[in-house]
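**Q** By the working numbering, the letter at position 363 of the sequence shown is numbered 364, and the numbering carries on one by one without gaps.
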Amino acid sequence: MRFSRMLSASVALPLAVSLAACGGGAPQTPAADGGADPHELDDATHEELVELATEEGEVTVYSFTSRIASVEEAFEAEYPGIDLIGHDISSSEQITRLRSESQASTPSADVAYISDAPVVITELVAGGILQNYVPPRVAETVPEEYRQPLLANRLSTKVLMYNEEAHPDGSPVGNLWQLTEEEWNGRVVMVDPAVRGDYLDLVAEIVRQSEAMAQAHLDHFGTEVVLDDGVENAGQQFVKDLYGNGLVLVDDTDNVNQAVGAAGQDDPPVGFTSYSDRRDNEEEGWALQASLGTAPSPGITFPAYIGMVRDSDSPAAARLVADFLMGDESETGGPAFDPFYVPGDYPVRTDMAAPGGAVSLDELGAWDISPEETAQIRDDVADFLLTL
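#1: Mapping the DSSP letters down to three states, classify G26 as helix, strand or coil.
#2: Tell me, please, which residues DSSP counts as bridged to P169.
#3: Which residues bound the beta strand (DSSP E) around V190?
#4: Is it right to say L389 is buried, meaning 16 or more other beta carbons lie within 10 angstroms of its own, or is it exposed?
#5: V120 by DSSP, collapsed to three states: which one?
#6: Going by the beta-carbon positions, is the gap between R155 and D346 smaller than 7 Å?
#7: Please check the pair K159 and G286, which I expect to be a contact at CB under 8 Å, by giving their CB distance rounded to whole angstroms.
#8: Could you tell me which residues DSSP puts in a beta bridge with S64?
#9: Below 8 Å on the Cβ atoms is my guess for R68 versus F341; work out the distance and round it to an integer in Å.
#10: Out of curiosity, what's the CA-to-CA distance linking V349 and Q266?
#11: Using the C-alpha atoms, what's the distance from P136 back to I307?
#12: Going along the chain, which residues of its own chain have a beta-carbon closer than 6 Å to the beta-carbon of A376, five neighbours each way excluded?
#13: Round the Cβ separation of V322 and V60 to the nearest angstrom and send it over; I've been treating them as touching at under 8 Å.
#14: Over the uninterrupted alpha helix (DSSP H) stretch that includes N256, give me the two end residues.
#15: Nearest CA to the CA of N234: which residue from E57, I207, M353, L125?
#16: Pair every Cβ in the stretch 94-112 with every Cβ in the stretch 312-320, then say whether three or more of these pairs are closer than 8 Å.
#17: Are L289 and R279 close, meaning C-beta to C-beta below 7 Å?
#18: Hey, out of V204, A217, Q132, whose CA is closest to L42's CA?
#19: Using only the alpha-carbon positions, how far apart do G128 and D268 sit?
#20: Secondary structure at A17, three-state DSSP: helix, strand or coil?
#21: Around the C-beta of G236, are 16 or more other C-beta atoms found within 10 angstroms, so that it is buried, or is it exposed?
#22: Quick one, are the C-beta atoms of V192 and V251 less than 7 Å apart?
#23: Is the distance from the Cβ of I370 to the Cβ of F325 below 7 Å?
#24: Any idea if Q66 is buried or exposed, counting beta-carbon neighbours within 10 angstroms, 16 or more meaning buried?
#25: Nearest CA to the CA of V343: which residue from E49, E57, A359, A318?
#26: When you compare only the Cα positions, how much space is there between Y63 and S101?
#27: Put I301 into one of helix, strand or coil per three-state DSSP.
#28: Tell me where the beta strand (DSSP E) around D244 begins and ends.
#29: Quick one: grab the DSSP three-state call for N154.
#30: Just the C-alpha distance for G26 and G198, rounded to the nearest angstrom, thanks.
#31: Leaving out five residues before and five after G58 in sequence, what residues of the same chain have Cβ atoms less than 7 Å from its Cβ?
#32: Between M309 and G334, is the Cβ-Cβ spacing less than 7 Å?
#33: Please classify A78: does DSSP put it in a helix, a strand, or coil?
#34: Using only alpha-carbon positions, find the residue among Q238, E141, D281 that is nearest to R209.
#35: Count the other C-beta atoms from every protein chain shown that fall within 10 angstroms of the C-beta of N164, then say buried if there are 16 or more, exposed otherwise.
#36: Please classify F385 as buried or exposed, where buried requires at least 16 other C-beta atoms within 10 Å of its C-beta.
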């Protein structure tokens, strides 16, 4: 088993570009779902895929989570004749690499396990760089919205978190606008949206939900929000005020988790991070907890996509990986899904039980991003951030 962790550089977030700029080699004809034409192996049986994948011998996966290391171990135990090579690469860097490799007609990966849905859909899928594959055995247990335009195996999050050791009675933040007040000056931490696309998606969603942000301002301050010059809506005003109140930007989620969650703090900061990172509380000495009940929302949920890389060297093994990442037939998904069956991650299969130790999606109250709508404003939001 080989596992390669590639540290992400602070690369510029890829912007939506024309179809011609995205694709490598001959132009692709989009299929009905917006991606490339179906692959000949999409209808192959599991047994046929195993035989062909064993001949291929290996499969390379780009993954936006380090949990790919655990997937490797479980996959190779299930398929000992196939070497899974996992690379831990942020979604932003994956997009850059996949686009460049496609342009050069030299794909290095077979599978992309990736978030950053607005760019993935409008650029990688629409450009034919990533193709969809839905294993037949799970087609009826995954809602349509998570089968197209790419298959998702779970919903991940970026939500406001606090230190429950320091605040045993619950979150100290009942309204997002509190974060713009002096009490929280220099005490809110977040990964820089210029480094990680999922955090740019978080900011974009706050802007997209401007009506809710305006109502939250009225509820908290008792007054209508007043927009500064050059600010178009309440969401932008919140972001500007948050940045102006000493928002601490870091380059890695673990830095947020440590700053917010480290035990023994009298007055810790709060920060936006993944709800599922609570799984590491005991091992890391953290006391992370989601800021439940924060108005109008503590953050976002977004799909973790599984994409087949067009013209890859191991298309059969790639489809086995997709099937594997969806979990086995048990309620918990078994060893295949074990790395993702944690509190704060939400399986999309309707026949799987939700992991214990976390609230339901309804109770969490996070906004479920609309990738297509977010894509329409994402570049404008990124430009707006450059002015702050």
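Every residue, glycine too, gets a C-beta built ideally from N, C-alpha and C.
Values in this document were obtained by computation on a predicted structure and should not be read as measured data.
**A** Walking through what the data contain:
#1: Position 25 of the sequence shown, counting from 1, holds the residue named residue 26. For G26, the predicted structure reports a pLDDT of 34, less than 50, and the residue's modelled location is therefore unreliable. A value from the coordinates is still provided. Coil at G26, not helix or strand.
#2: Counting from 1 along the sequence shown, the entry for residue 169 is found at position 168. None, per the DSSP bridge assignment.
#3: Translated into positions along the sequence shown, residue 190 becomes position 189. Residues 189-192.
#4: Residue numbering aside, residue 389 sits at position 388 when the sequence shown is read from its first letter. Label assigned to L389: exposed.
#5: One-based indexing of the sequence shown puts residue 120 at position 119. Judged by DSSP in its simplified three-state form, V120 adopts helix.
#6: The sequence position of residue 155 within the sequence shown is 154, counting from 1. The sequence position of residue 346 within the sequence shown is 345, counting from 1. Yes. Within cutoff.
#7: Indexing the sequence shown from 1 puts residue 159 at position 158. Indexing the sequence shown from 1 puts residue 286 at position 285. Under the criterion of beta carbons closer than 8 Å, K159 and G286 do not qualify as touching, at roughly 22 Å.
#8: Along the sequence shown, read from residue 1 onward, the residue named residue 64 stands at position 63. Per the DSSP secondary-structure output, S64 pairs in a beta bridge with D89, Y114.
#9: Here residue 68 is taken as the residue at index 67 of the sequence shown, counted from 1. Here residue 341 is taken as the residue at index 340 of the sequence shown, counted from 1. Contact between R68 and F341 is confirmed by a C-beta separation of about 7 Å, below the 8 Å threshold.
#10: Residue 349 sits at position 348 when you count from the first residue of the sequence shown. Residue 266 sits at position 265 when you count from the first residue of the sequence shown. V349 and Q266: Cα-Cα distance of roughly 36 Å.
#11: Taking the first residue of the sequence shown as 1, we reach residue 307 at position 306. Taking the first residue of the sequence shown as 1, we reach residue 136 at position 135. If you take the alpha carbons of I307 and P136, they lie about 11 Å apart.
#12: Position 375 of the sequence shown holds residue 376. Result list for A376: P119, T123, in chain order.
#13: Against the sequence shown, residue 322 aligns to sequence position 321. Against the sequence shown, residue 60 aligns to sequence position 59. With a Cβ gap of about 6 Å, V322 and V60 count as contacting.
#14: Locating residue 256 in the sequence shown gives position 255, counting from the first residue. In the DSSP annotation of this structure, the continuous segment of the alpha helix (DSSP H) that includes N256 starts and ends at 254-262.
#15: Taking the sequence shown and counting its residues from 1, one reaches residue 234 at position 233. Closest by C-alpha distance to N234, out of E57, I207, M353, L125, is I207.
#16: With the cut-off at 8 Å, the stretch 94-112 and the stretch 312-320 touch.
#17: In the sequence shown, the residue the question calls residue 289 occupies position 288. In the sequence shown, the residue the question calls residue 279 occupies position 278. Taking 7 Å as the Cβ cut-off, L289 and R279 qualify as a contacting pair.
#18: Here residue 42 corresponds to residue number 41 of the sequence shown, with the count starting at 1. Cα-wise, what sits closest to L42 is Q132.
#19: Here residue 128 refers to the residue found at position 127 of the sequence shown. Here residue 268 refers to the residue found at position 267 of the sequence shown. If you take the alpha carbons of G128 and D268, they lie about 48 Å apart.
#20: Position 16 of the sequence shown holds residue 17. Reliability of the predicted coordinates at A17 is poor, the pLDDT of 35 falling under 50, and no value is obtained from them.
#21: Locating residue 236 in the sequence shown gives position 235, counting from the first residue. Buried: at least 16 other Cβ atoms inside 10 Å.
#22: Here residue 192 corresponds to residue number 191 of the sequence shown, with the count starting at 1. Here residue 251 corresponds to residue number 250 of the sequence shown, with the count starting at 1. Closer than 7 Å, so yes.
#23: Along the sequence shown, one-based indexing puts residue 370 at 369. Along the sequence shown, one-based indexing puts residue 325 at 324. It is not a contact, given that the beta carbons lie outside the stated cut-off.
#24: Indexing the sequence shown from 1 puts residue 66 at position 65. The displayed chain sequence assigns Thr, not Gln, to residue 66. It counts as buried.
#25: As a first step, residue 343 must be located in the sequence shown, where it is residue number 342. Taking only the C-alpha atoms, the option nearest V343 is A359.
#26: Along the sequence shown, one-based indexing puts residue 63 at 62. Along the sequence shown, one-based indexing puts residue 101 at 100. If you take the alpha carbons of Y63 and S101, they lie about 14 Å apart.
#27: Start at 1 with the first residue of the sequence shown, and residue 301 comes out as number 300. Of the three classes helix, strand and coil, the one that applies to I301 here is strand, per DSSP.
#28: By 1-based counting over the sequence shown, the position of residue 244 is 243. Note that residue 244 corresponds to Tyr in the displayed sequence, not to Asp. Premise fails: Y244 lies in the alpha helix (DSSP H), 235-245, not in any beta strand (DSSP E).
#29: As a working mapping, residue 154 is identified with position 153 in the sequence shown. Of the three classes helix, strand and coil, the one that applies to N154 here is strand, per DSSP.
#30: Taking the sequence shown and counting its residues from 1, the one referred to as residue 26 is at position 25. Taking the sequence shown and counting its residues from 1, the one referred to as residue 198 is at position 197. Bear in mind that the predicted position of G26 carries a pLDDT of just 34, short of 50, making it unreliable; the figure below should be weighed with that in mind. Take the alpha-carbon of G26 and the one of G198: they are about 27 Å apart.
#31: Counting from 1 along the sequence shown, the entry for residue 58 is found at position 57. Excluding residues within five positions, the ones whose Cβ falls inside 7 Å are I83, D84.
#32: The sequence position of residue 309 within the sequence shown is 308, counting from 1. The sequence position of residue 334 within the sequence shown is 333, counting from 1. No, the Cβ-Cβ distance between M309 and G334 is not below 7 Å.
#33: What you label residue 78 is simply residue 77 of the sequence shown in a count that begins at 1. Helix, per DSSP.
#34: Along the sequence shown, read from residue 1 onward, the residue named residue 209 stands at position 208. The closest CA to that of R209, considering only Q238, E141, D281, is found on Q238.
#35: The count along the sequence shown starts at 1 and reaches residue 164 at position 163. Classification of N164: buried, given that the 10 Å Cβ count is 16 or more.
#36: Looking up residue 385 in the sequence shown gives position 384. It is buried - the Cβ of F385 has at least 16 other Cβ atoms within 10 Å.
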